[in-house]
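**Q** Counting along the sequence shown from 1, when you hit position 385 you're at 385 in full-length UniProt numbering, and nothing is skipped either side. Idealized CB from N, CA, C, for every residue including glycine. A single structure is presented below for examination.
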Amino acid sequence: MPLLPDTNSSNIFQPLGSTVETIDSASYTTDHDEGSEENTQENAEPQIVQEIESLCMNCQENGTTRLLLTSIPYFREVVLMSFYCPHCGFRNSEIQPASEVQEKGSRYRFLVESKEDLNRQVVKSESCDCAFPTISLEIPHQRGQLTTIEGLLTEVVEDLSQTQPVRKHTDPESYEKIEAILVKIQEMIDGNAFPFEVSLDDPAGNSWIELSPGETHEKWSKTEYFRTLQQNQALGLVNADDEDVQEEEQEAGTPPISNDEVHTFHATCPSCLRRCDTHMKLVDIPHFKEVVIMSTVCDKCGYRSNEVKTGGEIPPKGKRIILKVDDPEDMARDILKSETCALTIPELNLDLTAGTLGGRFTTLEGLLREVYEQLDTRVFNETSDSMDPDRVERWRTFLQGLQDAIEGKRVFTVILDDPLAASYLQNIYAPDPDPNMTIEEVERTEEQNEDLGLNDLHV
């Protein structure tokens, strides 16, 4: 959410393409209206870049900080800042998110496979840690940056190379090790070390790696997580001495749950770690199992969540549900997508990783509409002219295909892949088999067992 009121946000934080057009328009007006002061004043555009006199931390003289408020396509509003001191020549630039700390932290993983991937845009906030696991390289959180993957690597080379001549004489062993790392990084920049992985971990949730439409989770993935108390303290969200964040023991325990009533019990907000209420109700899904629908609202920070939890024993195998949707009435089928379930629609190039959207109990139309709204409002910025036209067109085609599917204008296949077999898609022919639906039992991989913590279970 932007720090400024929503009514002004769209006027203040213009997309990069619109900003460039405004600057060009202002230049054109100035060039053609010279000699007419009155006309120039009437047609003058609002100042795009704000300039502020500020102290140079290098020489203690006054320099100039320039601010640009803009929005990044596929992301959110940011403030770009650059500083220049005319006395000592010191320059600096950074990026600050113009939005509040997000409800959850985020981790991004991206597989770099080509020179084109090196140009992927990266927003690295001041609370974000960046890593290149292939060469065991970690970049700790520091100033915010708007850059590319190649830019991150180039900056590492520049930083490490500056002190190499001194290190060669004072610490030859470290010099040799760093020199070997620099060689590897240069190979990555030159395109001779593909593929390699880059990851971002930001507790504030304000970092990002550019996404292209239709990319699978093997190439690009995002995982959200709840912050720890230490991370909330580091971000200044809570005070360690605050009584509301102290652990509270529930001596009475969780009350027994029945189908006839909604239970309310005290819990801890996963966002700010203060006390809040969680509402719980047991729902029986025909031909499946009983599930628990949970709703949490925090009055302190405004956090809201609605999730579905499945119970029962862990089955020996996972389950894959495949449905061919060839009738608009299929969009009204009930669907339960658990937290561990991945959803794929090959015809739409849609691939949702496990954990995306959390647990949901809705209809097929409701689930796809939620996916569409999230992409349309948070990821795709149709008003931007600063992005690659081909990529913008691919996004438009992708979203149009998703909209056609929601409206029942396309035939497509829905695949639910759940290693815990905790997801469900309504069989409208029950108890008879559904001719358009296939349910398969699948063996869990060793990686899935490890991710789910099943390898550590001893019963």
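1) Report the rounded CA-to-CA distance for valine 49 versus leucine 68, giving the unit in angstroms.
2) Is the beta carbon of tyrosine 303 within less than 8 Å of some heavy atom of the ligand MN?
3) Threshold first: 4 residues or longer. Then list the alpha helix (DSSP H) segments lying entirely within the region 153 to 179, N to C.
4) Which residue from Pro419, Phe412, Asp159 and Val297 puts its Cα closest to that of methionine 437?
5) For the region 106 to 118 against the region 190 to 207, do three or more pairs of beta-carbon atoms, one drawn from each stretch, fall closer than 8 Å, so that the two count as touching?
6) Taking C-beta to C-beta, are isoleucine 293 and phenylalanine 226 nearer than 9 Å?
7) To the nearest angstrom, report how far apart leucine 273 and proline 86 are at their CA atoms.
8) Between which residues of its own chain and glutamate 370 is the CB-CB distance below 7 Å, once the five residues before and five after are set aside?
9) Which of helix, strand or coil does DSSP assign to tyrosine 372?
10) Does the Cβ of methionine 280 have 16 or more other Cβ atoms within 10 Å, making it buried, or fewer, making it exposed?
11) Taking aspartate 277 as part of the beta strand (DSSP E), name the residues at either end of that continuous run.
12) How big is the Cα-Cα spacing for aspartate 434 and serine 423?
13) Rounded to whole angstroms, what's the CA-CA distance from glutamate 450 to glutamine 60? Just pull it up for me.
14) Between proline 419 and glycine 318, how many whole angstroms is the CB-CB distance? I'm expecting something under 8 Å.
15) With distance defined between alpha-carbon atoms, name the residue in Glu150, Glu218 and Pro203 nearest to glutamine 186.
16) Between which two residues does the alpha helix (DSSP H) holding residue 475 run?
17) Please tell me whether tryptophan 208 and valine 101 are closer than 9 Å, where the distance is taken between their beta carbons.
18) Quick test of your reading: aspartate 159 and histidine 141, contact by CB under 8 Å. State the CB separation rounded to the nearest angstrom.
19) When the distance is taken between beta carbons, is alanine 204 closer than 9 Å to leucine 229?
20) Check whether the Cβ atoms of cysteine 341 and alanine 354 sit closer than 9 Å, and answer yes or no.
21) Would you decide whether threonine 445 is buried or exposed? Buried here means 16 or more other CB atoms lie within 10 Å of its CB.
22) Run through the region 274 to 361 for me and flag every whole beta strand (DSSP E) of 3 or more residues, listed as ranges in chain order.
23) Which of the three DSSP states is assigned to asparagine 39 in this structure?
24) Under three-state DSSP, which class holds glutamate 53?
25) Let me confirm a value: phenylalanine 265 is counted as buried when at least 16 other C-beta atoms fall within 10 Å, else exposed. Which label applies?
26) Helix, strand or coil for glutamine 246 per DSSP?
27) With a CB to CB cut of under 8 Å and the five nearest residues on each side skipped, what residues in its chain are close to isoleucine 181?
28) Name the one or two DSSP bridge partners that isoleucine 209 has.
29) Assign glutamine 250 to one of two classes, buried (16 or more other C-beta atoms within 10 Å of its C-beta) or exposed (fewer than that).
30) In whole angstroms, what separates the C-alpha of glutamate 176 from that of histidine 169?
31) Among residues of its own chain, excluding the 5 on either side of arginine 320, which ones have a beta-carbon nearer than 6 Å to its beta-carbon?
32) So what does residue 465 bridge to, in DSSP terms?
**A** Put simply:
1) In the sequence shown, counting from the first residue as 1, residue 49 sits at position 49. In the sequence shown, counting from the first residue as 1, residue 68 sits at position 68. Between valine 49 and leucine 68, the C-alpha separation is close to 5 Å.
2) The ligand MN is not part of this structure, which contains no ligands at all.
3) Listed in chain order, the complete alpha helix (DSSP H) runs (minimum 4 residues) inside the region 153 to 179 are 164 to 170.
4) The sequence position of residue 437 within the sequence shown is 437, counting from 1. For methionine 437, the closest C-alpha among the options Pro419, Phe412, Asp159 and Val297 is that of Phe412.
5) Taking a cut-off of 8 Å for Cβ pairs, the region 106 to 118 and the region 190 to 207 touch, as three or more such pairs fall below it.
6) Locating residue 293 in the sequence shown gives position 293, where the first residue counts as 1. Locating residue 226 in the sequence shown gives position 226, where the first residue counts as 1. When the beta-carbon positions are compared, isoleucine 293 and phenylalanine 226 stay at least 9 Å from each other.
7) The sequence position of residue 273 within the sequence shown is 273, counting from 1. The sequence position of residue 86 within the sequence shown is 86, counting from 1. In this structure, the CA atom of leucine 273 is about 47 Å from the CA atom of proline 86.
8) Position 370 of the sequence shown, counting from 1, holds the residue named residue 370. If you ignore the 5 residues before and after glutamate 370, its C-beta comes within less than 7 Å of the C-beta of Leu357, all in its own chain and listed in chain order.
9) For the purposes of this step, residue 372 is taken as residue 372 along the sequence shown, with counting starting at 1. Tyrosine 372 falls in the helix class under three-state DSSP.
10) The residue you call residue 280 lines up with position 280 of the sequence shown. Methionine 280 should be labelled buried.
11) The sequence position of residue 277 within the sequence shown is 277, counting from 1. Residues 275 to 284.
12) Taking the sequence shown and counting its residues from 1, one reaches residue 434 at position 434. Taking the sequence shown and counting its residues from 1, one reaches residue 423 at position 423. Roughly 17 Å between the two C-alpha positions.
13) Looking up residue 450 in the sequence shown gives position 450. Looking up residue 60 in the sequence shown gives position 60. About 54 Å.
14) Here residue 419 is taken as the residue at index 419 of the sequence shown, counted from 1. Here residue 318 is taken as the residue at index 318 of the sequence shown, counted from 1. So it is a contact: roughly 4 Å between Cβ atoms.
15) Indexing the sequence shown from 1 puts residue 186 at position 186. Nearest C-alpha to glutamine 186: Glu150.
16) Nothing can be reported for residue 475, as the shown portion of the chain is limited to 1 through 459.
17) Counting from one through the sequence shown, the residue named residue 208 turns up at place 208. Counting from one through the sequence shown, the residue named residue 101 turns up at place 101. No, they are not a contact pair.
18) In the sequence shown, counting from the first residue as 1, residue 159 sits at position 159. In the sequence shown, counting from the first residue as 1, residue 141 sits at position 141. About 15 Å; that fails the 8 Å criterion.
19) The sequence position of residue 229 within the sequence shown is 229, counting from 1. The sequence position of residue 204 within the sequence shown is 204, counting from 1. If you check the CB distance, leucine 229 and alanine 204 do not come in under 9 Å.
20) Working through the sequence shown from its first residue, we reach residue 341 at position 341. Working through the sequence shown from its first residue, we reach residue 354 at position 354. For the 9 Å CB-CB criterion, cysteine 341 and alanine 354 form a contact.
21) Locating residue 445 in the sequence shown gives position 445, where the first residue counts as 1. The Cβ neighbour count for threonine 445, taken over all protein chains shown within 10 Å, is under 16; the residue is labelled exposed.
22) Positions of the beta strand (DSSP E) runs, each at least 3 residues long and wholly inside the region 274 to 361, are given as 275 to 284, 290 to 297, 304 to 310, 318 to 325, 334 to 337, 342 to 345 and 350 to 352 in order along the chain.
23) If you number the sequence shown from 1, residue 39 lands on position 39. Unreliable positioning characterises asparagine 39 in this predicted model, as indicated by a pLDDT of 46, which lies under 50. A coordinate reading is not provided.
24) Taking the first residue of the sequence shown as position 1, residue 53 is located at position 53. Three-state DSSP puts glutamate 53 in a strand.
25) Taking the first residue of the sequence shown as 1, we reach residue 265 at position 265. Phenylalanine 265 counts as exposed, since fewer than 16 other C-beta atoms from the protein chains shown sit within 10 angstroms of its C-beta.
26) The residue you call residue 246 lines up with position 246 of the sequence shown. Legend: pLDDT at glutamine 246 = 47, less than 50; position of this residue unreliable, value from coordinates given subsequently. Glutamine 246: coil per DSSP, three-state reduction.
27) The residue you call residue 181 lines up with position 181 of the sequence shown. Short of 8 Å from the beta carbon of isoleucine 181, and not among the five residues preceding or following it, lie these beta carbons of its own chain, in chain order: Ile135, Leu137 and Leu160.
28) For the purposes of this step, residue 209 is taken as residue 209 along the sequence shown, with counting starting at 1. Note: isoleucine 209 sits in a beta bridge opposite Val122.
29) Taking the sequence shown and counting its residues from 1, the one referred to as residue 250 is at position 250. Summary for glutamine 250: the model assigns pLDDT 40, below 50, so the residue's position carries little reliability; its value from the coordinates is reported in the next sentence. The residue is exposed, with fewer than 16 neighbouring Cβ atoms inside 10 Å.
30) Position 176 of the sequence shown, counting from 1, holds the residue named residue 176. Position 169 of the sequence shown, counting from 1, holds the residue named residue 169. For glutamate 176 and histidine 169, the distance between alpha carbons rounds to 11 Å.
31) Here residue 320 refers to the residue found at position 320 when the sequence shown is read from its first residue. Once the five neighbours on either side are set aside, the close Cβ partners of arginine 320 are Asp417, Glu440 and Val442.
32) This structure gives no information on residue 465, because the portion of the chain shown stretches from 1 to 459.
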